[in-house]
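Residue numbers (the numbering used here): 334 to 961.
Each residue gets a CB set at the ideal place from its N, CA and C atoms; glycine is no exception.
First the structure, in the form of C-alpha cells, and then the observations on it.
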Amino acid sequence: MAELFGKVGGTCKGAGGSMHIFDKETNFQGGWALVSEQLPYAAGAARSILLDRQRDPEAFKGDDRISVVFIGEGGAQNGRMAETLNAAAKENLPLLFIVIDNGRAINTFTGDVAQNQDVFMQGQHYGVPGLKVDGQDLVGCLQAARAVTDHVRNKGPAILQVHTFRFNGHSPADPEHERGRKFEKKWARAEADPLPIFEQYLAENGIATEDEIAAVKKTATAMCKDSVKFATDSPAPHAGLAKELEFPDAPDTDYNTRPAHPEADEINKRTITPEAMATVEAHIASLKAKSDEGAITIGDAVNLAILEEMLRDPTTTCHAEDLQAGSSYDIPKLTQQTFGKMRAADEIIDEGHFIGKALGEGMNGYRPIIELMNANFGIYGIAEISSAGNTYATTGGEFQMPMTIIGAGGTAPAQSLGAEHSQPFHAYIMGIPGLKVCTAASPEAAYGLAKSMIRDNGPGILFLPVKMMKDVKGKLNLGKCDPLNKAKVLHEASAEAVKEGTAVTVLTYLHGVKESQNAIAEIQAEGMDIDLIELRSLKPLDMDTIQKSLERTRGKIAILDESTYSGGVGATISAAISENLFDMLDAPVKRLCMDDAPVPYSLAMEKAVVKRAEDLVRGVADLVNGQY
334 MAELFGKVGG TCKGAGGSMH IFDKETNFQG GWALVSEQLP YAAGAARSIL
384 LDRQRDPEAF KGDDRISVVF IGEGGAQNGR MAETLNAAAK ENLPLLFIVI
434 DNGRAINTFT GDVAQNQDVF MQGQHYGVPG LKVDGQDLVG CLQAARAVTD
484 HVRNKGPAIL QVHTFRFNGH SPADPEHERG RKFEKKWARA EADPLPIFEQ
534 YLAENGIATE DEIAAVKKTA TAMCKDSVKF ATDSPAPHAG LAKELEFPDA
584 PDTDYNTRPA HPEADEINKR TITPEAMATV EAHIASLKAK SDEGAITIGD
634 AVNLAILEEM LRDPTTTCHA EDLQAGSSYD IPKLTQQTFG KMRAADEIID
684 EGHFIGKALG EGMNGYRPII ELMNANFGIY GIAEISSAGN TYATTGGEFQ
734 MPMTIIGAGG TAPAQSLGAE HSQPFHAYIM GIPGLKVCTA ASPEAAYGLA
784 KSMIRDNGPG ILFLPVKMMK DVKGKLNLGK CDPLNKAKVL HEASAEAVKE
834 GTAVTVLTYL HGVKESQNAI AEIQAEGMDI DLIELRSLKP LDMDTIQKSL
884 ERTRGKIAIL DESTYSGGVG ATISAAISEN LFDMLDAPVK RLCMDDAPVP
934 YSLAMEKAVV KRAEDLVRGV ADLVNGQY
C-alpha cells in the first residue's frame, strides 16, 4: 500500500508506484507497463531456476521453484506469447502462464480482435498443455491451479486460463467508467462475485459458520486499515533518490578490483568436460598469441573477453543468433561448445525476445551477455532495453540489472549496407535512463570495455564498428578492464599548433576514429593540428577530458559524428558543451554529422549523407579560419 501511495515505506521506496510494484523478499517481479513484455522476462526467470540447479545441484537439491507469469487474454494475442511458448517448450522451462480472461482487450471485446479466445489451447502446437477454469469458482480455481503447478514442477510449462468478470475499467482514464455498466455490474455482484459465492460454499458444506466468516472479514478489514495507516504515515522519498538510483555501479567504478566467483574452478570442473576445457583453453591461448603479435581483430578481442569472463564467473550467460557458428564476427565462438545450451543459448531470430529472456536472468542472479549480429537489430528490443535501464530505479534499487549487449554497427563511409543496417541505434538509446553506452574502435578498447561491462551490475551496450571488425588489428592489455566513463586521447596537437592557435579538438567514435586518423596528415600539411579524442563512453560523457583539450585548443571543437543532425550524438554533446563549457568556446561547436536522411545504398548518394576524412579536414580549416 505504501508503494501505491508513492512513499518511502513501499517495497520500491515509492520509486515504482502502482505500475511498477516489485518485492525482493517475496520474489515478486511485477509491474511491467507494456502489454506482454513480461513474458520473455518470465522465461528468463524460469531459465535462472534451471541454471541454479545446473550450477550447484547440491545446494538446489529438491528445489521446486517455478516461474509464474500473468497475462490477459487480449495481451496473449501478442507475438511475444508465441515466442515465449516456443522457448518454454524448447527448453522445458518450469513456467506457468496464467491468463486472466475477462472478455476484454482493454475496452474492446476480445472476440472482435482475436480469432482464438481460448488461449489455453495456444500451446498445443508446442506441446504445452492448458486448462480453462471458471474464475468465479474459487474451489475450482484452487484445484486447477494445484494441477497445473504440479505439472510445471515435474514435467514443464503449462497454461491456466481463468475466465472472470471485470468490475471496473482498465484504468482511471478508461472510458469504461463512463459506459453505464450499471445493470451489468448489478448482475455481476449478485451472480458472479467470487467472494459471496465462496462464502456460500463454505457455509453450505459446513466448513465455516457465519460467525467465523464474519470474523475473517473483520480481520481482513483491519489489515487493510493498518496498511492504509502505514502508507499514510510513511514519509515521502527524498528528492535526490531518483539520481541516486541512476546506476547500480558508479560511473568511476574500477572493475579490475572485482573478485572472481569463489567457486568458479570447482563449478567449471563439474560442468565443463575435459575435452571442451582443453579446446577452449587452446583457443584462448591462440587469441593471446595473436594479441602478442599485434594481430588480434576486434571480434576476436571481444570473444576472448567473453570466454575469460564466463570462466571466471559461472553466473555469466550468453545469448545470440547463429551462436553455434560464432555469429558474424566470432564474438560468441565456442561459448555453447564449452558451457552448454543453458549458459550459451542459440536464439530465435527476434532480438526483443532474447534480450527479454536475458533481462529475466539478470534480475535473478545472472550476468547475461547478448550478442547482436548487427547492433541496429536491437531496435526490435527497444522496449526490453528501456525496461532494463529503468529496472534498478523503479524497484528502488532492490533488483540490479547486470546485462551486457554487444553488437557491430554504426555507419562507415562506403558501407553500402542501406538504411536499415546503417541506423544510428547508439543515438536512439542514449536517452534511456540507467543505461551505459560505450563504443570501441580498436581491439584493445573492445576487450577492456567488454570485460568491465560484463562485471558491471547495471545494463550497458557496447557498440563496435561494423566495417572495422576484421580489418583493424592490434594488441590487448590482457586481463585489464577499462573504465566505462572515460574518453581516450589518441593524438595531441603539436605545441606549435597550440601556440599558433591552429589546433582544434576533435571528438569522434566508431568509424570516425579511423577517418580522423586518416585526416591527420592532411590537416598537418595545411599548417593545422588536432587533439583527437575517442568517445569510448557516450554515456556517461567524459567532460573532464573534453575540457582539458579545449583549454589546449583555445575553444575550437569539432565532432565527427556517426548519427543524424536531429537527435544525434553530436546534438547531445554540443548541448552539454554549450551548457557546461560555454565560456571556453571560441567558436560554435562544429558538427560533422549525418544528414537527416536514410543512409542510401548507392555510394554516390551515400557520400552526400555520411561524413568522412575530407569533411573533417574542411571542418577543421573552417574553425581555424573563423568560417563558422
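{"Query": "Simplified DSSP state of residue 870, which is helix, strand or coil", "Result": "strand"}
{"Query": "Bridge-paired residues (DSSP) for residue 556", "Result": "The partner list for residue 556 (beta bridge, DSSP) is empty, contrary to what the question assumes."}
{"Query": "Cβ-based neighbour list, residue 686, same chain, cut-off 6 Å, excluding 5 preceding and 5 following", "Result": "373, 416"}
{"Query": "Bounding residues of the alpha helix (DSSP H) (the contiguous stretch that carries residue 614)", "Result": "607-625"}
{"Query": "Exposure label - residue 961; buried when at least 16 CB within 10 Å", "Result": "exposed"}
{"Query": "Beta-carbon proximity check, residue 671 vs residue 613, cutoff 8 Å", "Result": "yes"}
{"Query": "Residue interval of the alpha helix (DSSP H) (run including residue 413)", "Result": "412-423"}
{"Query": "Secondary structure of residue 458, DSSP reduced to three states", "Result": "helix"}
{"Query": "Check whether residue 699 and residue 648 have beta carbons under 8 Å apart", "Result": "yes"}
{"Query": "Residues that residue 652 bridges to, as DSSP identifies them", "Result": "678, 703"}
{"Query": "Option in 666, 644, 645 with minimal Cα separation from residue 653", "Result": "666"}
{"Query": "Nearest candidate by alpha-carbon position, reference residue 851, set 947, 491, 679", "Result": "947"}
{"Query": "Residue 567 versus 340, 919, 421, residue with shortest Cα-Cα distance", "Result": "340"}
{"Query": "N- and C-terminal bounds of the beta strand (DSSP E) containing residue 466", "Result": "463-467"}
{"Query": "CA nearest to the CA of residue 590, picked from 447, 789, 694", "Result": "789"}
{"Query": "N-terminal and C-terminal residue of the alpha helix (DSSP H) that residue 833 is part of", "Result": "828-833"}
{"Query": "Sequence-distant residues of the same chain with beta carbon closer than 7 Å to residue 459, five excluded per side", "Result": "418, 419, 422"}
{"Query": "Three CB pairs or more closer than 8 Å across the segment 765-781 and the segment 870-885", "Result": "yes"}
{"Query": "Proximity winner among 918, 645, 763, 632, relative to residue 776 (alpha-carbon distances)", "Result": "632"}
{"Query": "Three-state class that DSSP yields for residue 748 in the structure shown", "Result": "coil"}
{"Query": "Test: residue 870 CB closer than 8 Å to a CB of chain B", "Result": "In summary, chain B is missing from the structure at hand, where a single protein chain is found."}
{"Query": "CB of residue 847 within 8 Å of CB of residue 630, strictly", "Result": "no"}
{"Query": "Start-to-end residues for the alpha helix (DSSP H) that takes in residue 594", "Result": "Unbroken run through residue 594: none, as it is neither H nor E."}
{"Query": "Stretch-stretch touch, CB-based, cutoff 8 Å, three pairs: the segment 911-922 with the segment 719-729", "Result": "no"}
{"Query": "Distance CB(residue 684)-CB(residue 714) smaller than 8 Å", "Result": "yes"}
{"Query": "Cβ-Cβ distance between residue 729 and residue 349 below 8 Å", "Result": "yes"}
{"Query": "Start and end residues, beta strand (DSSP E) containing residue 877", "Result": "Note, residue 877: premise wrong, no beta strand (DSSP E); alpha helix (DSSP H) at 876-886."}
{"Query": "Contact between the segment 480-493 and the segment 430-439 (3+ Cβ pairs under 8 Å)", "Result": "yes"}
{"Query": "Euclidean distance between Cα positions of residue 406 and residue 461", "Result": "17 Å"}
{"Query": "Reduced DSSP category for residue 770 - H, G, I as helix; E, B as strand; rest coil", "Result": "strand"}
{"Query": "Span separating the alpha-carbon of residue 949 from that of residue 926", "Result": "10 Å"}
{"Query": "Cβ separation of residue 866 and residue 826, assumed to be a contact under 8 Å, to the nearest whole Å", "Result": "With a Cβ gap of about 11 Å, residue 866 and residue 826 do not count as contacting."}
{"Query": "Contact between the segment 700-713 and the segment 738-748 (3+ Cβ pairs under 8 Å)", "Result": "yes"}
{"Query": "Rounded C-alpha distance that separates residue 425 from residue 354", "Result": "28 Å"}
{"Query": "Proximity winner among 397, 766, 899, relative to residue 487 (alpha-carbon distances)", "Result": "397"}
{"Query": "Distance, residue 951 Cα to residue 823 Cα", "Result": "20 Å"}
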